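Enquirer: Same order as they appear, the protein sequences are chains A and B.
Under my numbering, the first residue of the first sequence carries the number 29, and numbering increases by one thereafter.
Under my numbering, the first residue of the second sequence carries the number 29, and numbering increases by one thereafter.
Just so you know, even glycine gets a beta-carbon here, dropped at the ideal spot from N, CA and C.
Please read these numbers as outputs of a predicted model, since none were measured by experiment.
Below: one structure in structure tokens.
Number of protein chains: 2
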Amino acid sequence: VSPDQPLGDVAVEVFRAEAHRFVDWIARYLAEAERLPVLSRVRPGQVAATLPKAPPASAEPLSTILADVERVVLPGLTHWNHPGFFAYFANSSPAPAILAEMLAAAFNANAMLWKTAPAATELELVVLDWLRQLLGLPEGLFGVIHDTASTATLVALAAAREAVPGLDVRRRGLVGQARLRMYASDHAHSSVEKAGIVLGIGQEGLRKIPVDDAFRMDAAALGRAIAKDRAAGFTPFAVTATVGTTSTTSHDPVPAIAEVCAREGLWLHVDTAYAGAAAAVPELRSVLEGCERADSLVVNPHKWLFVPLDLSVLYTRRPEVVRGAFSLVPDYLRTPEDALAPNLMDYGVALGRRFRALKLWMVLRAFGTEGIAARLREHVRLARLFRSWVEADAAFEVVAPTPLSVVCFRARFPGQPAEEADRRNEALMDAVNESGEAYLSHTRLAGRTVLRLAIGNIRTEERHVRRAWELLREAARRLG
Amino acid sequence: VSPDQPLGDVAVEVFRAEAHRFVDWIARYLAEAERLPVLSRVRPGQVAATLPKAPPASAEPLSTILADVERVVLPGLTHWNHPGFFAYFANSSPAPAILAEMLAAAFNANAMLWKTAPAATELELVVLDWLRQLLGLPEGLFGVIHDTASTATLVALAAAREAVPGLDVRRRGLVGQARLRMYASDHAHSSVEKAGIVLGIGQEGLRKIPVDDAFRMDAAALGRAIAKDRAAGFTPFAVTATVGTTSTTSHDPVPAIAEVCAREGLWLHVDTAYAGAAAAVPELRSVLEGCERADSLVVNPHKWLFVPLDLSVLYTRRPEVVRGAFSLVPDYLRTPEDALAPNLMDYGVALGRRFRALKLWMVLRAFGTEGIAARLREHVRLARLFRSWVEADAAFEVVAPTPLSVVCFRARFPGQPAEEADRRNEALMDAVNESGEAYLSHTRLAGRTVLRLAIGNIRTEERHVRRAWELLREAARRLG
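Here you go:
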């Protein structure tokens with residue numbers, strides 16, 4: 029803090045000098061991230077033990093703070109922006125998005141009302157229409173940005189609940205009302221069940237529909253479950269179909285599910301948080317087949333569209349229902365423009381809304397739709413290449429289809445009982461992760477431990493995938 | 029995109045050069061923001077009309093995009109980071125926070141599990157304990173960062189609902205259960221009512237308790253409402269008290285409300301989103317009197333603690349209840365460290381969690397607790413000064429107490445009927461806002477239009493408040 033400005037912000041000239049220093053530090057980080065261990069090696073409590081127990085009374089120089097970032101934070105992070113990150117759904121924060129977040133932080137715009145951030149509101153509407161076109165979704169969908177797919181799914185299912193005729197849950201609540209039931213496959217994301225809990229429908233209000241042997245919802249079983257529930261006096265109201273499940277990226281049969289929903293009058297929500305991005309690639313556009321019939325659909329640019337956390341998009345054909353479920357406008361938030369432009373706070377839980385559209389706009393422009401498609405296509409090629417290596421090696425097996433960029437596989441350990449083979453697969457994963465060169469995560473399928481290699485970071489190249497495979501083979505040989 | 033890297037990210041050297049250019053642009057923005065119109069002058073649709081209808085097929089240079097930010101985005105923004113921003117709750121994005129957001133974007137860490145971002149998880153725990161100390165809250169409170177207070181309040185009230193003995197709402201839902209009732213003053217934030225809607229309690233499940241003539245909840249009326257509801261067969265379960273209401277920043281009597289909650293066995297949630305920050309000033313610490321008895325409390329560093337949107341903190345004495353309401357851990361998110369360190373995804377709706385703690389940590393260090401207190405003290409001084417000018421001018425009147433940094437007032441327009449006086453106050457506000465030098469918002473109290481001057485931006489100085497007052501007086505004279 030400069031002496032001539034004892035209150036107020038850090039002087040602009042100090043900011044400028046420090047920001048240039050931070051930029052150089054970040055550029056070095058991006059260039060060298062690949063040489064850092066992707067999975068942090070710290071133990072629980074180690075970072076906290078390094079930090080003072082109380083905040084400082086006096087101001088500290090920004091250079092001291094950056095030195096602590098390097099000394100304490102950096103070794104304590106698992107590097108999601110590392111090209112060897114293959115866990116969960118790998119994602120990216122590319123250069124254009126980092127620049128966008130710099131601007132968004134400086135503007136600190138709050139797009140709660142049109143009036144409080146007209147450009148943020150309108151850019152959100154425009155860029156979500158760009159994204160809609162990129163993914164081949166129908167005209168007229170209304171999109172709003174949320175933090176994560178869990179929130180977007182909660183909002184979608186709240187709208188579905190509000191749409192049940194004769195209930196008026198918004199005003200009257202659920203007590204004394206019809207017993208609601210919603211449906212998803214038993215491979216659906218936990219956020220569907222969490223939405224059921226939050227909405228007061230309860231875990232028992234979610235029927236989990238079995239999957240076929242490619243982990244896709246059985247649409248006939250869905251139809252039977254609905255009929256059984258109706259006969260038992262329940263009121264079915266919503267189905268969540270998943271295109272790109274978290275374990276295996278399996279695709280529920282949306283056209284058949286949409287048919288059931290149309291017949292039964294149920295809200296169809298499609299969770300395509302990860303896989304929806306693939307529709308940006310012309311030859312993969314069929315991943316969203318049937319989704320034009322969805323009442324709502326969530327896709328996460330922060331997963332596989334090269335935008336950093338957080339930015340999840342909820343599209344809906346029925347924005348008036350979402351608004352009817354959520355809009356509450358106290359006097360102090362009324363503006364003369366309310367009838368002329370949307371106030372995006374009306375479409376969700378959060379009132380304050382960061383300027384998230386900026387990073388999606390900058391990423392789409394900085395790479396172009398052909399550049400986005402080329403990168404996604406390359407990720408799918410790398411996943412197929414990795415799969416071919418696994419298939420060609422008798423010590424391993426592929427255990428699920430690979431529709432996009434995630435491969436589910438395991439080492440066989442022939443002659444070992446199932447529990448021991450599972451244990452060794454976990455040890456195998458840990459050994460690779462401890463190398464610091466690659467980070468994989470696991471799931472369980474049919475009660476067995478399965479490893480996942482998820483490609484999604486924009487800087488992942490063939491050499492990184494090849495290195496992960498070498499590490500896996502070496503560790504498998506050691507384990508036996 | 030460099031030709032030798034047709035896929036992947038923008039080359040690091042291009043990022044470095046562009047980021048330096050962006051930093052200079054941001055530094056100029058911060059230095060000159062004061063000369064931009066604080067309230068945007070664009071009309072609805074104007075920004076959208078300037079933007080292409082479809083995304084570009086080919087990559088565009090970052091310099092072109094920055095030029096469009098300057099040409100399209102900048103004039104379309106209402107400048108929350110402008111020292112003449114006095115609307116809603118004024119807030120700030122100071123230099124240390126902008127630097128922190130640059131780092132957070134580059135790391136792109138997801139603090140869903142300890143393992144996926146150990147330093148982000150532990151820094152969050154440590155810095156929220158720093159904040160707890162700064163605000164004089166009791167030891168042992170568990171804090172978690174959410175996006176906004178609306179989300180934090182939803183989480184708190186979901187936990188309160190889960191804590192009702194014998195219900196098990198998580199599993200069974202609300203249908204067929206006791207009729208729940210919760211309470212807040214009729215000046216409470218709309219997020220309390222929105223939480224009631226989302227949780228399936230419904231608008232009718234929220235009883236709005238009347239306020240006294242200083243807009244504070246009447247604790248005796250609360251006691252009577254609870255008794256009446258019990259007699260009518262309802263199950264009261266939660267009270268939200270507000271310290272710093274949105275209209276007037278009035279303080280509900282938390283000690284008396286806590287007494288009622290203790291007697292009745294109700295969950296006490298305190299919404300201190302704006303005013304909690306004041307407890308960082310030793311002589312203002314009594315704002316949180318009684319809050320040590322709260323089951324949960326929300327405070328927003330992104331309001332009056334110099335951190336940009338979004339960063340809201342939910343503290344609770346009962347983290348196990350919050351966790352019990354929200355935790356759902358599929359196989360693929362289990363880690364060996366689960367028993368050794370918290371996974372912060374377990375305490376809310378969102379699974380993905382940005383590295384938000386970094387900006388709070390950097391702001392607390394860069395200003396120090398004494399620096400934070402000095403800035404807050406100055407804002408309170410400026411509000412009192414403005415209030416004294418209003419009181420001394422017969423053309424105006426102060427219409428609510430000014431406990432902190434927000435002044436509620438209006439021009440009198442003597443001899444005019446109430447509706448006309450309201451209309452002229454709106455015209456007065458619009459005239460000031462159209463000046464571009466100050467931006468105020470309104471509320472309604474006792475059916476009358478009221479103007480609010482909210483001080484909270486770190487770069488607001490006495491001269492900015494004085495200029496707002498000059499503009500108000502000039503406009504009032506013109507309006508008659």
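What separation, rounded to the nearest whole angstrom, lies between the Cα atoms of B:Thr127 and A:Ala47?
Expert: Indexing the second sequence from 1 puts residue 127 of chain B at position 99. Indexing the first sequence from 1 puts residue 47 of chain A at position 19. One point to set straight first is that residue 127 of chain B is Leu, not Thr, in the sequence displayed. About 6 Å.
Enquirer: At 7 Å on the CB atoms, spell out the chain A contacts of B:Asn138, in chain order.
Expert: Walking along the second sequence from the start, residue 138 of chain B turns up at place 110. Those are Trp108, Leu337, listed as they occur along chain A.
Enquirer: Across which residues does DSSP place B:Asp299 in a beta bridge pair?
Expert: Indexing the second sequence from 1 puts residue 299 of chain B at position 271. B:Asp299 is bridged to B:Thr270, B:Val326.
Enquirer: With DSSP as the reference, label A:Lys236 as helix, strand or coil.
Expert: Position 208 of the first sequence, counted from the start, is the residue given in the question as residue 236 of chain A. Correct three-state label for A:Lys236: strand.
Enquirer: Look at B:Val434 and B:Ala503 and say whether their C-beta atoms are less than 8 Å apart.
Expert: Along the second sequence, read from residue 1 onward, the residue named residue 434 of chain B stands at position 406. Along the second sequence, read from residue 1 onward, the residue named residue 503 of chain B stands at position 475. Not closer than 8 Å, so no.
Enquirer: List, in order along the chain, the chain B residues whose C-beta lies closer than 9 Å to that of A:Tyr57?
Expert: Along the first sequence, read from residue 1 onward, the residue named residue 57 of chain A stands at position 29. What A:Tyr57 touches in chain B: Leu131, Ala134, Phe135.
Enquirer: Could you tell me how far apart the beta carbons of B:Pro72 and A:Leu368 are, in whole angstroms, since I believe they sit closer than 8 Å?
Expert: Counted from its first residue, the second sequence places residue 72 of chain B at position 44. Counted from its first residue, the first sequence places residue 368 of chain A at position 340. The pair is a contact, with the Cβ atoms about 4 Å apart (cut-off 8 Å).
Enquirer: Looking at A:Val478: is its Cβ nearer than 8 Å to the Cβ of A:Cys436?
Expert: Stepping through the first sequence from its first residue, residue 478 of chain A is reached at position 450. Stepping through the first sequence from its first residue, residue 436 of chain A is reached at position 408. Their beta carbons are under 8 Å apart, which means A:Val478 touches A:Cys436 by this criterion.
Enquirer: Starting from the Cα of B:Val172, find the closest Cα among B:Leu388, B:Val197, B:Phe43, B:Arg405 and give me that residue.
Expert: Taking the second sequence and counting its residues from 1, one reaches residue 172 of chain B at position 144. Comparing Cα positions, the closest option is B:Leu388.
Enquirer: Given that A:Ala87 touches chain B, what residues does it touch there, using C-beta distances under 7 Å?
Expert: Counting from 1 along the first sequence, the entry for residue 87 of chain A is found at position 59. Near A:Ala87 (Cβ distances below 7 Å), the residues of chain B are Ala394, Phe395, Gly396, Gly399.
Enquirer: Pairs of beta-carbons, one from the stretch 70-86 of chain B and one from the stretch 87-95 of chain A, closer than 8 Å: are there three or more?
Expert: no
Enquirer: To the nearest angstrom, how far is it from the Cα of A:Glu88 to the Cα of B:Met130?
Expert: As a first step, residue 88 of chain A is located in the first sequence; it is residue number 60 there, counting from the start. As a first step, residue 130 of chain B is located in the second sequence; it is residue number 102 there, counting from the start. Cα to Cα, the separation comes out at about 19 Å.
Enquirer: For a contact defined as C-beta to C-beta under 9 Å, what are the partners of B:Trp142 on chain A?
Expert: As a working note, residue 142 of chain B is residue 114 in the second sequence. In chain order: Pro72.
Enquirer: By a C-beta neighbour count over all protein chains shown, 10 Å radius and 16 as the cutoff for buried, is A:Gly443 buried or exposed?
Expert: For this step, residue 443 of chain A is matched to residue 415 along the first sequence. The residue in question, A:Gly443, is exposed, as its Cβ has fewer than 16 Cβ neighbours within 10 Å.
Enquirer: Leaving out the 5 sequence neighbours to the left and right, which residues in its chain are closer than 6 Å to A:His107 when beta-carbon positions are compared?
Expert: For the purposes of this step, residue 107 of chain A is taken as the residue at position 79 of the first sequence. Excluding sequence neighbours, A:His107 sits near Ala61, Leu64, Val66.
Enquirer: Use the C-beta contact count for B:Lys256: other C-beta atoms within 10 angstroms, 16 or more gives buried, fewer gives exposed.
Expert: Residue numbering aside, residue 256 of chain B sits at position 228 when the second sequence is read from its first letter. Its Cβ having fewer than 16 others within 10 Å, B:Lys256 is exposed.
Enquirer: Could you pull the start and end residues of the beta strand (DSSP E) that A:Cys436 belongs to?
Expert: Here residue 436 of chain A corresponds to residue number 408 of the first sequence, with the count starting at 1. Element bounds for A:Cys436: 434-439.
Enquirer: Counting along the chain, where does the beta strand (DSSP E) carrying A:Glu60 start and finish?
Expert: Indexing the first sequence from 1 puts residue 60 of chain A at position 32. A:Glu60 -> not in any beta strand (DSSP E); alpha helix (DSSP H) instead, spanning 40-60.
Enquirer: Let me know if B:Arg160 comes out buried or exposed under the rule of 16 or more other beta-carbons within 10 Å of its beta-carbon.
Expert: Along the second sequence, read from residue 1 onward, the residue named residue 160 of chain B stands at position 132. Classification for B:Arg160: buried.
Enquirer: So, using beta-carbon positions, are B:Ala394 and B:Pro124 closer together than 8 Å?
Expert: Translated into the one-based positions of the second sequence, residue 394 of chain B becomes position 366. Translated into the one-based positions of the second sequence, residue 124 of chain B becomes position 96. With contacts defined by Cβ atoms closer than 8 Å, B:Ala394 and B:Pro124 form a contacting pair.
Enquirer: Assess, as a yes-or-no matter, whether the stretch 324-344 of chain B is touched by the stretch 352-368 of chain B under the definition of 3 or more beta carbon pairs within less than 8 Å.
Expert: no
Enquirer: To which residues of the same chain is A:Leu499 closer than 8 Å at the C-beta, ignoring the five residues directly before and after it?
Expert: Taking the first residue of the first sequence as 1, we reach residue 499 of chain A at position 471. Close CB contacts of A:Leu499 within its chain, under the 8 Å cut and outside five residues either way in sequence, are with Ala459, Val460, Ser463, Glu465, Ala466 (chain order).
Enquirer: Any beta-carbon of chain B closer than 8 Å to the one on A:Tyr302?
Expert: Stepping through the first sequence from its first residue, residue 302 of chain A is reached at position 274. By this cut-off, A:Tyr302 is not an interface position.
Enquirer: Could you check how far apart the C-beta atoms of A:Arg381 and A:Leu339 are, in whole angstroms? I think they sit under 8 Å.
Expert: Locating residue 381 of chain A in the first sequence gives position 353, where the first residue counts as 1. Locating residue 339 of chain A in the first sequence gives position 311, where the first residue counts as 1. So it is not a contact: roughly 12 Å between Cβ atoms.
Enquirer: So B:Ser178 is in the beta strand (DSSP E); what residue range does that whole segment cover?
Expert: For the purposes of this step, residue 178 of chain B is identified with residue 150 of the second sequence, where counting begins at 1. Looking at the DSSP string, B:Ser178 is not in any beta strand (DSSP E); the run it does join, the alpha helix (DSSP H), is 177-190.
Enquirer: Listed in chain order, which residues of the stretch 433-444 of chain B have Cβ atoms closer than 9 Å to some Cβ of chain A?
Expert: none
Enquirer: Of all the CB atoms in chain B, is at least one closer than 8 Å to the CB of A:Tyr360?
Expert: Numbered from 1 along the first sequence, position 332 holds the residue referred to as residue 360 of chain A. Yes, because at least one Cβ of chain B sits closer than 8 Å to the Cβ of A:Tyr360.
Enquirer: Using 8 Å as the limit for Cβ to Cβ distance, is A:Ile173 near chain B?
Expert: Start at 1 with the first residue of the first sequence, and residue 173 of chain A comes out as number 145. Judged by the 8 Å Cβ criterion, A:Ile173 is not in contact with chain B.
Enquirer: Can you pull the chain A residues whose beta carbon is under 9 Å from the beta carbon of B:Thr179, in chain order?
Expert: Start at 1 with the first residue of the second sequence, and residue 179 of chain B comes out as number 151. Here the neighbours are Asp175, Thr179, Val377, Ala378.
Enquirer: I want to see whether chain A comes within less than 8 Å of B:Phe414, judged by CB atoms only; does it?
Expert: Residue 414 of chain B sits at position 386 when you count from the first residue of the second sequence. Closer than 8 Å: no.
Enquirer: Is it buried or exposed, B:Pro166, if we count other Cβ atoms within 10 angstroms and call 16 or more buried?
Expert: The count along the second sequence starts at 1 and reaches residue 166 of chain B at position 138. Counting Cβ neighbours within 10 Å, B:Pro166 comes out exposed, since fewer than 16 surround it.
Enquirer: Tell me the residue span of the alpha helix (DSSP H) that contains A:Glu129.
Expert: Sequence index remark: in the first sequence, residue 129 of chain A carries index 101 (1-based). Residues 123-135.
Enquirer: Note down the Cα distance separating A:Pro31 from A:Ala45, rounded to an integer number of angstroms.
Expert: The count along the first sequence starts at 1 and reaches residue 31 of chain A at position 3. The count along the first sequence starts at 1 and reaches residue 45 of chain A at position 17. Caution is warranted here: a pLDDT of 44 is assigned to A:Pro31, below 50, making its placement in the model unreliable, and no coordinate value can be reported.
Enquirer: Measuring CB to CB, does A:Ala284 end up less than 8 Å from A:Met210?
Expert: Within the first sequence, residue 284 of chain A is the residue found at index 256, counting from 1. Within the first sequence, residue 210 of chain A is the residue found at index 182, counting from 1. No, Cβ-Cβ distance for A:Ala284 and A:Met210 is not below 8 Å.
Enquirer: Label B:Glu190 either buried or exposed according to how many other C-beta atoms from any shown protein chain fall within 10 Å of its C-beta, with 16 as the threshold for buried.
Expert: If you number the second sequence from 1, residue 190 of chain B lands on position 162. Buried, because 16 or more other Cβ atoms sit within 10 Å of the Cβ of B:Glu190.
Enquirer: I'd like to know if the stretch 268-275 of chain A and the stretch 197-207 of chain A are in contact, where contact means that at least 3 CB-CB pairs between them fall below 8 Å.
Expert: no
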